[in-house]
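Below you'll find the structure, written out as C-alpha cells, and then a few comments.
Residue numbers (the numbering used here), protein chains in the order written: chain P, 1 to 233; chain Y, 1 to 864.
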C-alpha cells in the first residue's frame, strides 16, 4: 500500500467485511470475500485487479447500485446499508459521480444535454447550470462541442464528456470503472490526467478500478483485488 | 448468434441457409414477448377478416340457397301485380303448350309454435309439375306413396324436411298450427322429406311444403298464384312468345331481375363490413411493420457484422422476410381458428341484420367455405411479409462493419418526419381527390378513405415532434425534471415512437369516425322517424316492422277501429312490392291528405304542400332518396312501374329523405294505387286519437277488439320508434364489435412497440439509475413517456376521425345506401378517443415500467 501527494486528514469511506455472491444457474459464484478497507478524505485510490476479480462489483456496491450480501459500507458517516433503495439512489444522485468504461452517454441526447442530466436531477437549472456545464466543457477541452451527439465524438472525447458529467453536480465521491479500458494508450493517459487534475482541483475522493498498473500510478494509493479479496502486493 | 461463431465462418463463399436461419430463429426465441405479440396482432387481424368474410359468405350462400330453394332451376317467372296472378293463366299456358316446363307457385312467410316460432317459407307447389324445378319431391327425397297421397288429398297437409320434423318432435300424422298473415290455421304433417344431398337438406331447412290448393286455402288466395316458374331456353324468342300470350299487367321476367336487386342491396352492407375488417388487418400491418422495424434496428450491428463477413444484401433481406413469413404463418394459422370461432357470432349478427333490413333468410346454417379460410390465411401471410419489406430493405442497406449510429438514425428519422409530413399532406389531397371523383364505386370510395387515413399516419412523426416541443415547457413547470425528460425522450426516439403513435392514431381515428357516423345516423333516424311516423297508433299484421307492413289486413278492421270512442281519424295504407324495369320498388300508398306536408324533401320543384297535393290530385309520386339514387331519378323525371295495364310512367313530384329501406320507396295516393293495380288490399291503418287519449291504452283495446277478425298488432307511435331504433342498434352491433377489435389490435401494437422500445433503452435506464434516478422516478418517466405517446395519438386522431366521419357520413353512406345523413358532432367520441389512447398507452407502459423498476441498475448497465 502506498501513499503519495496530498495530506490526508480523516476517514471518508469505510468498507467492512463485504461479501458478494452471484447465482449462475445451479452454481453460486463468490465475487467478493470479506473485503475491508478505509479511504481518507480527498484521497485518490486505485483498485487494481484482473478481469473478473470483482473490481466493478466492488464499485457497484460502493455506489449503492448493487447491495452486498454481508458487510457494511459507510460513506462520509452515512451507512449505506441503513438506507432503503430510494434513499440510496438519492444519496448517489447527490454525492456520487460515475465514469464508466463504455462511457454510457445517452445516445439520443446531445453532449450538453448529457452534461446537464445530473444537474436536472438535482434541480439545478438556469444560469447556474449553464455556467457549470460550460465551465466543465471548457475544462475537458470540448467547449464548442455541446450540440454534438455523443456518437459523433471519438472515444477519448466521449470519456471526457463522461468525466464532466461525473463532476458537474459537485459529488463528494467519483467512481471510475476502467475509464481507459476502451481507449488507446495515449488517449487513456490524457483522460486519466484530466480526471486526476479535476478531482484533485475540486478535492474529491476518486476511486479508480483498473487492470492497468500504468493507470493506477496516478493514484495516491493502490489496492489489489485478487480472487475477491483485497491483498497487499 | 455470437460474433465468435460468425467469425469462424470467414473464408466461406456464402452462408448456409442454416446459419442465417439460426440468426433469425434465435432472435425470435430470445425476444419471445415481442414475437408473441407480433403473432397475436396478426392472429387478431386475420381472425377479424376471416370472421367477417365467413359471415358475408354465409349470408351470401344462405341467400343463394334460399333463392334456390324457392326458385329452383327456373330461368324465368311469370309475375303479376301485388295481388298475384289468376290461376287460369297457368291452365291456359299448359293447354297452349307454349312452354315445356312450367310450375305454379304460391308462397308466404309462416310461423308455427310447433316449429319454435321460426320464420319459414310456405311453398305451395303442384307436385306433378315440380320435377324439372325443385328436387324435393323426387324419388330420392320424397315421402312414401301413402304420405304423398295424404299430401295431395287432405286439407291442410304439409311436408317438412325429416330433420326439421325430428328436431321439433313432429311425426307424420301430427297436427300443427300455422300463423299466416295474422291468421291461425290448423295443418297436418302428411310426411317427411329425406333429401340425400346436403344442399337440398339445407334448402329444405326453412321450407314448409304444401300442395298448391292447400297453400291457396291457407293464404286466402284461392284462385290466385304468386308466380309461375318457367324453364325457357336462352334467347328471347320464346320469352317474347310467352309474353304475347299473357294478359296486360302480367309479365315474364328473368329470375335474376327479381333476385339480383335484392342481392345488390345487401352487397353494399357486406362490402362495408369487409372494409371495416380490412381496417383491423391494416392496423395489424402497422403493428407488424412496427415490430419488424424494431427487430431490425435492434440488430443493426449484427447485420453490419454479417455483411462484413460476406452475407449479401439479398440474404439479409431474405432473412428478415423469412422471419416475417414465419410469424405471419403462425399468426395466420391461429387467426383462422379464432376467425372461425368468432365467425359464428358474426354470422348471427349479419344474418339478423339482413333479416331486419332486407329479407328473411330461411337458410341459416351453412358450412365454413374453404375459400374464406384460404383468403384469410393468404391475406395474413401477405400482409405480414409486405409490412416487413421496408424494414427488410433497411436491414439490407446496413453498411458492413459501420452500423449507422443511433444519432444518425434519429437525425434521419427527423428528416424523414418532415418528408413524411409533406407526403402525408399529398396523400390526403390524393385521397380527397379520389373521393371527389364522381364515381359510385365503393372500392374507389374506400380507396380514397384509406389514403386519407394513411396521410394522417404519415403526418404522425412531425406532429409528434412538434407537440413534444410544445408541451415540454408546460410539463417541466408541472412535473420538474421528469416533465422535461419525457417529451424530450419521445421526440429524440422518433424512429421508434412515431410508428407506435401512428398505429394507435389510426385505430382511434376509426373509433371517432365510426362513432360520429353512427351518432349522426342515429340522430338523423330519430328526426326522420318523428316526420315519417304517421298518426298515434299503427295497426298492421304481425310480421311488419310498423314502417313497412306487407300482411293484408282484414278490411272490416277499419269499421271496428272507427267505432272506438277515442279514435279521431283513420287513414289507410297499402305497402306493396311492385316490379319495375330497374328491379323491384317498394310502394307506400296512403289515404292521408296531409301526411306529405311534414316530409323533408331532398329536392322538389314546388313547396311540400304543392308536391303532396300533386300526389293526390295529379297521380304523381314522391320517391325516396335511395330510390332516386338507385334508378338515377330526378324531380322532372317519371317513375315507370308495371301496372295491371302494363308499364306506366308516374310523374315525380319530389324526392324525400327516407331511411326505411335501401332499396327505395315510392309514395303515392291510395286512390292512384287502386286505379293502377285494381287492388283494394290494405296492409296498415294509421290511427289519430282524440286529444288526451292514452295511445298505449287504446292500442291494447283495439288489439282485443280486432282479435276476432285477425291477429293484428296495434302499436303506439312510440313503440314503433323504439323498435326501429333497436333494429338500428342491432345493425351496428357488428360495426361496434369490429371497432373494438381494431382498438385491441392497436393496443397490442402499442404494447409491443413500447416493450421493444423500453427493452432497447435498458442500458440508458441503467445509466439514469446510476446517476441517481429513483425506481419511482424511472417508472414515472416510462409511464409519462407512454402517456404522452397516447395523448399525441389521441390528439391527432381527432381531426383524422372527424374527417373520416365526414367521409363515412357524406360519401360512403350515400354511395352505399343512398342516404344523406345529417352530421352530428358531439364531444363524447373525441374525449373517449383521447381517454382510450392514453389509457391504452398507459396500460402498455405498466409492464415495462414494472420490469425496468425491478431490474438492478448493474444488470441494466451490462445489457447490450
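Where is the CB? At the ideal position from N, CA and C, for every residue including glycine.
Hey, quick one: how far does the alpha helix (DSSP H) through residue 838(Y) stretch, first residue to last? Position 838 of the second chain, counting from 1, holds the residue named residue 838(Y). For residue 838(Y), the enclosing alpha helix (DSSP H) stretches over residues 827-854.
Within the same chain, show all residues whose beta-carbon is closer than 8 Å to that of residue 107(P), passing over the 5 residues directly before and after it, in chain order. Position 107 of the first chain holds residue 107(P). Only 149, 150, 151 meet the Cβ criterion.
Examine chain P for any beta-carbon lying closer than 7 Å to the beta-carbon of residue 403(Y), and answer yes or no. Taking the second chain and counting its residues from 1, the one referred to as residue 403(Y) is at position 403. Unreliable placement is indicated for residue 403(Y), whose pLDDT of 46 sits below 50; no coordinate value is reported for it.
6 Å Cβ shell around residue 471(Y) - same chain, five flanking residues per side excluded: Taking the second chain and counting its residues from 1, the one referred to as residue 471(Y) is at position 471. Cβ neighbours of residue 471(Y) beyond the five flanking positions: 487.
CB residue 445(Y) to CB residue 812(Y), shorter than 7 Å? The residue labelled residue 445(Y) in the question sits at position 445 within the second chain. The residue labelled residue 812(Y) in the question sits at position 812 within the second chain. Between residue 445(Y) and residue 812(Y), the C-beta spacing is below 7 Å.
If you measure from the beta carbon of residue 24(P) to each beta carbon in chain Y, is any gap under 7 Å? Your numbering for residue 24(P) matches position 24 in the first chain. It does not: the Cβ of residue 24(P) has no partner Cβ on chain Y nearer than 7 Å.
Chain-ordered neighbours of residue 481(Y) on chain P, where CB pairs are closer than 8 Å: As a first step, residue 481(Y) must be located in the second chain, where it is residue number 481. Those are 120, 121, 123, listed as they occur along chain P.
In chain Y, what lies closer than 7 Å to residue 28(P) by C-beta? Your numbering for residue 28(P) matches position 28 in the first chain. Against residue 28(P), chain Y offers no close residue; the least beta-carbon distance is about 17 Å (beta-carbon pairs closer than 7 Å).
Give me, in chain order, the residues of the same chain whose beta-carbon lies closer than 7 Å to that of residue 84(Y); leave out the 5 immediate sequence neighbours on both sides. To locate residue 84(Y), count along the second chain from 1; it is residue 84. Within the same chain, residue 84(Y) has close Cβ partners 221, 224, 225, 226.
Could you tell me whether any Cβ in chain A is nearer than 7 Å to the Cβ of residue 132(P)? Note that chain A does not occur in the displayed structure, where the protein chains are P and Y.
Check the C-beta distance from residue 434(Y) over to residue 447(Y) and give it rounded, since I have them as a contact under 8 Å. To locate residue 434(Y), count along the second chain from 1; it is residue 434. To locate residue 447(Y), count along the second chain from 1; it is residue 447. Correct: roughly 6 Å between the Cβ atoms.
Going by the CB atoms, is the gap between residue 330(Y) and residue 39(Y) shorter than 7 Å? Against the second chain, residue 39(Y) aligns to sequence position 39. Against the second chain, residue 330(Y) aligns to sequence position 330. Yes, these two residues count as a Cβ contact at 7 Å.
Ignoring anything shorter than 3 residues, give me the beta strand (DSSP E) runs that lie fully in the region 85-160 of chain Y, in order along the chain. You should have 101-110, 120-125.
If we cut at 7 Å on Cβ distances, does residue 412(Y) have a partner in chain P? Walking along the second chain from the start, residue 412(Y) turns up at place 412. Judged by the 7 Å Cβ criterion, residue 412(Y) is not in contact with chain P.
Taking a cut of 8 Å between CB atoms, which residues from the region 60-71 of chain P lie near chain Y? Listed in sequence order: 60, 63, 65, 66.
Give every residue of the same chain whose Cβ lies closer than 6 Å to the Cβ of residue 74(P), excluding the five residues on either side of it in the sequence, and list them in chain order. By 1-based counting over the first chain, the position of residue 74(P) is 74. So the list reads 14, once near-sequence residues are dropped.
Please tell me whether residue 452(Y) and residue 732(Y) are closer than 7 Å, where the distance is taken between their beta carbons. Numbered from 1 along the second chain, position 452 holds the residue referred to as residue 452(Y). Numbered from 1 along the second chain, position 732 holds the residue referred to as residue 732(Y). The answer is no: Cβ separation not under 7 Å.
Residues in the same chain with beta-carbon distance under 8 Å from residue 630(Y), minus the five sequence neighbours each way, listed in chain order, please. Along the second chain, one-based indexing puts residue 630(Y) at 630. Cβ within range, chain order: 582, 583, 663, 664, 818.
Can you say whether residue 127(P) is buried or exposed, counting buried as having 16 or more other CB atoms within 10 angstroms of its CB? Counted from its first residue, the first chain places residue 127(P) at position 127. With fewer than 16 other beta carbons inside 10 angstroms of its own, residue 127(P) counts as exposed.
Closer than 7 Å by beta-carbon distance: list the chain P residues that pair up with residue 774(Y), in chain order. Taking the first residue of the second chain as position 1, residue 774(Y) is located at position 774. Those within 7 Å of residue 774(Y) in chain P are 86, 89, 90.
If you compare alpha carbons, which of 553(Y), 375(Y), 168(Y), 42(Y) is closest to residue 711(Y)? For the purposes of this step, residue 711(Y) is identified with residue 711 of the second chain, where counting begins at 1. Of the candidates 553(Y), 375(Y), 168(Y), 42(Y), 553(Y) places its Cα closest to the Cα of residue 711(Y).
Below 7 Å on C-beta distance, what does residue 106(P) contact in chain Y? Mapped onto the first chain, residue 106(P) falls at position 106. Residues of chain Y passing the Cβ test: 764, 767.
Determine, using beta carbons only, whether residue 390(Y) comes closer than 7 Å to chain P. Within the second chain, residue 390(Y) is the residue found at index 390, counting from 1. At a cut-off of 7 Å, the C-beta of residue 390(Y) has no neighbouring C-beta in chain P.
Residue 837(Y) and residue 805(Y) look like a contact to me (Cβ under 8 Å); what is the Cβ gap, rounded to whole Å? Working through the second chain from its first residue, we reach residue 837(Y) at position 837. Working through the second chain from its first residue, we reach residue 805(Y) at position 805. Not confirmed; about 17 Å, so no contact.
For residue 207(Y), which residues does DSSP report across the bridge? Working through the second chain from its first residue, we reach residue 207(Y) at position 207. Answer by DSSP bridge pairing, in chain order: 121(Y).
Mind the definition here: the region 25-33 of chain P touches the region 198-213 of chain P only if three or more C-beta pairs lie below 8 Å; say whether that holds. Under the three-pair Cβ rule at 8 Å, the region 25-33 of chain P does not count as touching the region 198-213 of chain P.
Where residue 44(P) sits in the DSSP three-state scheme: Taking the first chain and counting its residues from 1, the one referred to as residue 44(P) is at position 44. Strand, per DSSP.
Using a Cβ-Cβ cut-off of less than 8 Å, list which residues of the region 469-502 of chain Y approach chain P; keep chain order. Going along the region 469-502 of chain Y in chain order, one finds 480, 481, 484, 485, 488, 489, 492, 493 with a Cβ nearer than 8 Å to chain P.
Alpha helix (DSSP H) runs contained entirely in the region 106-150 of chain P, provided each spans 4 or more residues: If only complete runs of 4 or more residues are kept, the region 106-150 of chain P shows the alpha helix (DSSP H) at 111-121, 126-139, in order along the chain.
At the level of alpha carbons, what is the spacing between residue 134(Y) and residue 644(Y)? Taking the second chain and counting its residues from 1, the one referred to as residue 134(Y) is at position 134. Taking the second chain and counting its residues from 1, the one referred to as residue 644(Y) is at position 644. Distance between the alpha carbons of residue 134(Y) and residue 644(Y): 30 Å.
Proximal chain P residues relative to residue 857(Y), where beta-carbon distance stays under 7 Å: Position 857 of the second chain holds residue 857(Y). Ordered by position in chain P, the residues that pass the 7 Å Cβ test against residue 857(Y) are 65.
Quick one: what does DSSP say residue 31(Y) is sitting in, helix, strand or coil? For the purposes of this step, residue 31(Y) is identified with residue 31 of the second chain, where counting begins at 1. Annotated three-state conformation of residue 31(Y) is coil, per DSSP.
What does the alpha-carbon distance come out to for the pair residue 848(Y) and residue 791(Y)? Locating residue 848(Y) in the second chain gives position 848, where the first residue counts as 1. Locating residue 791(Y) in the second chain gives position 791, where the first residue counts as 1. Cα-Cα distance, rounded: 18 Å.
Contact residues within the region 29-45 of chain P, judged by C-beta distance below 9 Å to chain Y: Going along the region 29-45 of chain P in chain order, one finds no residue with a Cβ nearer than 9 Å to chain Y.
Select from 327(Y), 37(Y), 337(Y) the residue whose C-alpha is nearest the C-alpha of residue 25(Y). Against the second chain, residue 25(Y) aligns to sequence position 25. Taking only the C-alpha atoms, the option nearest residue 25(Y) is 327(Y).
Residue 117(P): contacting residues in chain Y (beta-carbon distance under 7 Å): By one-based count along the first chain, residue 117(P) stands at place 117. The answer, in chain order, is 771.
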